[in-house]
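Remarks on the structure that follows.
There are 2 protein chains.
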Amino acid sequence: MRIAIDLLGGDHAPEVALGALEQLLQLHPEWEYLAVGREEELARLPKAKQLLPVACGSMMAMDEDVRNLLRKKDSSIWIATELVKKGEADAIVSAGSTGAQMTAATLLLGRVKGVQRPAIGTVLPTLQGGRLLLDVGANPDCTPELLLQFAQMGTTYAHCVLGIEKPRVALLANGTEDHKGSKLTQAAFALLQESSLNFLGNREGRDLLNGEYDVMVCDGMSGNIALKSLEGAIAALMLMLKEKLSANLLRKLGASLIMPGLRELKKSMDYQEYGGAPLLGVNGVSIICHGSSKERALLRACEVAAQCLESRFVEELGRAVQ
Amino acid sequence: MRIAIDLLGGDHAPEVALGALEQLLQLHPEWEYLAVGREEELARLPKAKQLLPVACGSMMAMDEDVRNLLRKKDSSIWIATELVKKGEADAIVSAGSTGAQMTAATLLLGRVKGVQRPAIGTVLPTLQGGRLLLDVGANPDCTPELLLQFAQMGTTYAHCVLGIEKPRVALLANGTEDHKGSKLTQAAFALLQESSLNFLGNREGRDLLNGEYDVMVCDGMSGNIALKSLEGAIAALMLMLKEKLSANLLRKLGASLIMPGLRELKKSMDYQEYGGAPLLGVNGVSIICHGSSKERALLRACEVAAQCLESRFVEELGRAVQ
Chain A
2 MRIAIDLLGG DHAPEVALGA LEQLLQLHPE WEYLAVGREE ELARLPKAKQ
52 LLPVACGSMM AMDEDVRNLL RKKDSSIWIA TELVKKGEAD AIVSAGSTGA
102 QMTAATLLLG RVKGVQRPAI GTVLPTLQGG RLLLDVGANP DCTPELLLQF
152 AQMGTTYAHC VLGIEKPRVA LLANGTEDHK GSKLTQAAFA LLQESSLNFL
202 GNREGRDLLN GEYDVMVCDG MSGNIALKSL EGAIAALMLM LKEKLSANLL
252 RKLGASLIMP GLRELKKSMD YQEYGGAPLL GVNGVSIICH GSSKERALLR
302 ACEVAAQCLE SRFVEELGRA VQ
Chain B
2 MRIAIDLLGG DHAPEVALGA LEQLLQLHPE WEYLAVGREE ELARLPKAKQ
52 LLPVACGSMM AMDEDVRNLL RKKDSSIWIA TELVKKGEAD AIVSAGSTGA
102 QMTAATLLLG RVKGVQRPAI GTVLPTLQGG RLLLDVGANP DCTPELLLQF
152 AQMGTTYAHC VLGIEKPRVA LLANGTEDHK GSKLTQAAFA LLQESSLNFL
202 GNREGRDLLN GEYDVMVCDG MSGNIALKSL EGAIAALMLM LKEKLSANLL
252 RKLGASLIMP GLRELKKSMD YQEYGGAPLL GVNGVSIICH GSSKERALLR
302 ACEVAAQCLE SRFVEELGRA VQ
């Protein structure tokens with residue numbers, strides 16, 4: 002596998018990508034790495050025959066308007082995606098702006114035949130392991146047909162990459178009863194029920210972390226709100242816990258005794274273990290990492306990219322949406 | 002104040018309502034209580050001159066189809082709401098089915114003049130105290146005009162009941178930038194910006210618990226998903242924490258030392274302190290308690306009802322939506 006890595010993406014660029022590359026060279030010396038960065042980042046690359054520096058001229062900032070991308074065809078994300086288009090790399094991994102990566106992939110790689118709109122999936126750390134939620138932001142406005150297609154694409158991902166035989170699909174709604182939902186989800190419910198997918202029915206926000214499903218489908222607005230609500234709740238709770246545990250000496254002592262448990266807890270809620278959000282529906286493998294990703298997340302994202310290639314995920318997805 | 006209390010609502014009926022009444026008689030002997038239940042529940046009521054038993058014949062189950070309500074005009078929620086309509090009670094409090102309470106209020110009390118659709122608000126326990134989120138489920142499909150009205154009604158509630166001078170209104174979207182959102186929220190954004198409300202702009206799911214706003218506005222689908230995602234995340238985290246803290250003897254010892262801190266944490270994330278969700282836009286005071294409410298929540302809900310009456314909330318709301 003030849004993998005294009007964006008050195009300039011993410012809140013901790015380029016340190017995280019440089020660190021991840023050091024580890025990748027140890028762990029996966031069988032892969033080739035095309036590291037995309039400016040002169041100053043390329044100068045810091047470790048020396049290895051599997052590592053090829055690729056020069057770029059600029060970068061897309063995390064909060065930069067995606068429309069700027071078309072004027073920045075020398076940016077790291079554009080150049081890295083172009084490597085996949087040209088067949089010089091098999092996949093791209095970045096922790097940069099989600100919107101920019103999505104746009105670069107859509108414009109350069111195009112959509113898989115039959116796909117109306119690509120979607121962004123994210124693997125949630127649930128009580129029963131990783132589960133796929135999509136769309137989490139690419140499509141704020143959806144049609145019922147689009148939700149059906151998200152379910153088909155998500156099922157393919159869960160099968161190919163998460164290794165689930167017959168993935169259970171759920172529809173995110175405001176209640177679990179069949180008649181619940183908005184006009185959009187009610188119409189999607191009917192399509193899902195008629196489909197050959199393993200459709201469970203409606204599920205609600207409080208089911209997201211119980212893991213009693215494999216693929217949760219929703220429009221990009223709902224998915225984004227759900228994902229960020231989960232992240233916000235966990236962050237707020239951790240903050241309050243920290244405060245409460247340092248309130249006095251006795252609690253500090255207690256906290257030191259439970260610290261290994263808290264670390265385990267943090268690790269099990271850590272999206273980094275699941276290696277980034279796949280872009281579903283584009284004609285190539287493009288893995289989006291969280292902007293705050295550390296080395297571990299980039300490393301896992303490369304492993305996910307490898308799984309996508311080995312399982313021929315993109316071709317399978319094309320068959321699923323026909 | 003004369004308050005109608007539904008003895009048959011909630012997961013822990015009638016124990017919770019009976020227990021709450023005992024406490025209310027001590028804490029607020031100046032109020033009158035109309036307790037609505039069947040013979041068997043009424044027989045268990047404490048004796049007090051402020052407590053009037055009102056007989057009903059049936060109940061609406063928590064998950065019962067709301068359409069059954071019209072065939073159950075002897076149900077506790079219908080009878081209790083009717084007491085308000087007839088002027089025999091000033092407010093109603095129930096922990097029963099949200100949909101049934103909403104429907105009973107809409108049919109019996111009607112809407113405040115100018116209100117298109119009533120909404121269900123909920124007071125979120127944030128890092129900075131209680132903040133109002135609406136709609137959390139009454140209206141899965143909304144128009145921009147409806148979202149503007151939710152903002153007007155929410156502002157009135159935050160002013161009258163939460164005591165905030167000029168409540169800050171935010172719009173729940175998939176990003177904080179002005180251009181983010183769905184077609185619905187983008188159109189609502191424009192209306193809110195033109196309005197005389199104290200509009201902050203777009204906020205996202207991870208802002209819900211930071212409390213940097215007073216009223217968060219969204220359609221009932223998004224609000225329901227956000228609320229239940231928060232609840233689910235907190236429940237999952239607490240479950241995992243409990244598991245991690247009882248994994249070995251050392252951690253159990255540590256857990257015993259931090260237990261007061263954990264209790265404080267649980268209390269500060271407890272919706273029960275905020276006393277239930279108000280029904281906004283109906284022509285009367287109807288306070289919806291969470292189905293899993295304990296005595297404390299019902300007690301706080303009665304205090305919220307009193308604040309609504311004292312601040313003339315319903316009249317103020319009518320002025321706000323004109």
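Going down the list, the protein sequences come from chains A and B. One rule links them: number in our numbering = place in the first sequence (from 1) + 1. One rule links them: number in our numbering = place in the second sequence (from 1) + 1. Backbone N, C-alpha and C fix where the C-beta goes; we use that ideal spot for every residue, glycine too.
How would you write the range of the beta strand (DSSP E) that residue i sits in, first residue to last?
| i | result |
| --- | --- |
| Ser95/A | 92-95 |
| Leu52/A | 52-56 |
| Val286/A | 286-289 |
| Pro279/A | 278-281 |
Could you give the C-beta distance for residue i and residue j, rounded to a whole number, given that I count them as a contact under 8 Å?
| i | j | result |
| --- | --- | --- |
| Ala92/B | Cys290/B | So it is not a contact: roughly 13 Å between Cβ atoms. |
| Ser77/A | Asp7/A | 5 Å |
| Thr156/A | Pro168/A | 5 Å |
| Ser223/A | Met222/B | 7 Å |
| Pro119/A | Ser269/A | Not a contact, Cβ separation roughly 30 Å. |
| Val55/A | Val67/A | No, Val55/A and Val67/A are not in contact; Cβ-Cβ is about 22 Å, not under 8 Å. |
Check residue i in the structure and name its three-state DSSP category.
| i | result |
| --- | --- |
| Gly130/B | strand |
| Thr327/A | Past the edges of chain A, shown from 2 to 323, lies residue 327/A, and the structure says nothing about it. |
| Ala256/B | helix |
| Val216/A | strand |
| Ser76/B | strand |
| Asp7/B | strand |
| Arg320/B | helix |
| Ser294/B | coil |
| Leu135/B | strand |
| Arg118/A | coil |
| Arg207/A | helix |
| Arg264/B | helix |
| Lys87/A | coil |
| Glu311/A | helix |
| Met270/A | coil |
| Ser223/B | helix |
| Thr1/B | Residue 1/B is absent from the structure shown; chain B starts at 2 and stops at 323. |
| Arg301/B | helix |
| Lys181/A | coil |
So the alpha helix (DSSP H) residue i belongs to, where does it begin and stop?
| i | result |
| --- | --- |
| Glu33/B | Unbroken run through Glu33/B is the beta strand (DSSP E), 33-38; no alpha helix (DSSP H). |
| Arg169/B | Element bounds for Arg169/B: not the alpha helix (DSSP H) but the beta strand (DSSP E), 169-173. |
| Asn199/A | Segment 199-204 is the beta strand (DSSP E) holding Asn199/A; no alpha helix (DSSP H) there. |
| Glu65/A | No alpha helix (DSSP H) contains Glu65/A, which DSSP labels as neither H nor E. |
| Val17/B | 16-28 |
| Leu148/A | 145-161 |
| Gly111/B | Taken as a continuous stretch (DSSP letters only), Gly111/B belongs to no alpha helix (DSSP H), as it is neither H nor E. |
| Thr186/A | 184-195 |
Measuring only between beta-carbons, confirm whether residue i sits less than 8 Å from chain A.
| i | result |
| --- | --- |
| Glu232/B | yes |
| Lys268/B | no |
| Met222/B | yes |
| Ser183/B | yes |
| Glu213/B | no |
| Leu43/B | no |
| Gly262/B | yes |
| Pro141/B | yes |
| Gly97/B | no |
| Gly255/B | yes |
| Arg252/B | yes |
| Leu133/B | no |
| Asn175/B | yes |
| Ala101/B | no |
| Glu65/B | no |
| Leu246/B | yes |
Under 8 Å between C-beta atoms, does residue i make it to chain B?
| i | result |
| --- | --- |
| Asp7/A | no |
| Met241/A | yes |
| Asp208/A | yes |
| Ala237/A | yes |
| Ile226/A | yes |
| Leu71/A | no |
| Gly138/A | yes |
| Ile330/A | The requested residue 330/A is not part of the displayed model; chain A covers only 2 to 323. |
| Glu317/A | no |
| Glu265/A | yes |
| Glu311/A | no |
Is any heavy atom of the ligand ADP found at a distance shorter than 7 Å from the C-beta of residue i?
| i | result |
| --- | --- |
| Phe200/A | Summarising the ligand content, the structure contains no ligands, and the ligand ADP is consequently not present. |
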